[in-house]
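S.K.: In the numbering used here, the protein residues as written are 17 to 59. Note that beta-carbon positions come from the ideal geometry of N, C-alpha and C, so glycine has one too.
(1) What does the alpha-carbon distance come out to for the pair residue 46 and residue 52?
(2) Please go through the same chain and pick out, in chain order, the residues whose beta-carbon is closer than 6 Å to the beta-carbon of residue 36, but skip the five residues on each side of it.
(3) Rounded to whole angstroms, what's the CA-CA distance from residue 56 to residue 30? Just pull it up for me.
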């Protein structure tokens, strides 16, 4: 996905994208990104 960091943070905070907090950053499984794209874009 070509989106800004802030967009990803907003998606995580809104619960639209599941992520795990690791230190000061986030880790997002590829399967979570695929699921999000399937829901939102219909790919």
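M.R.: Quick answer:
(1) Approximately 10 Å between the Cα atoms of the pair.
(2) 43
(3) 14 Å
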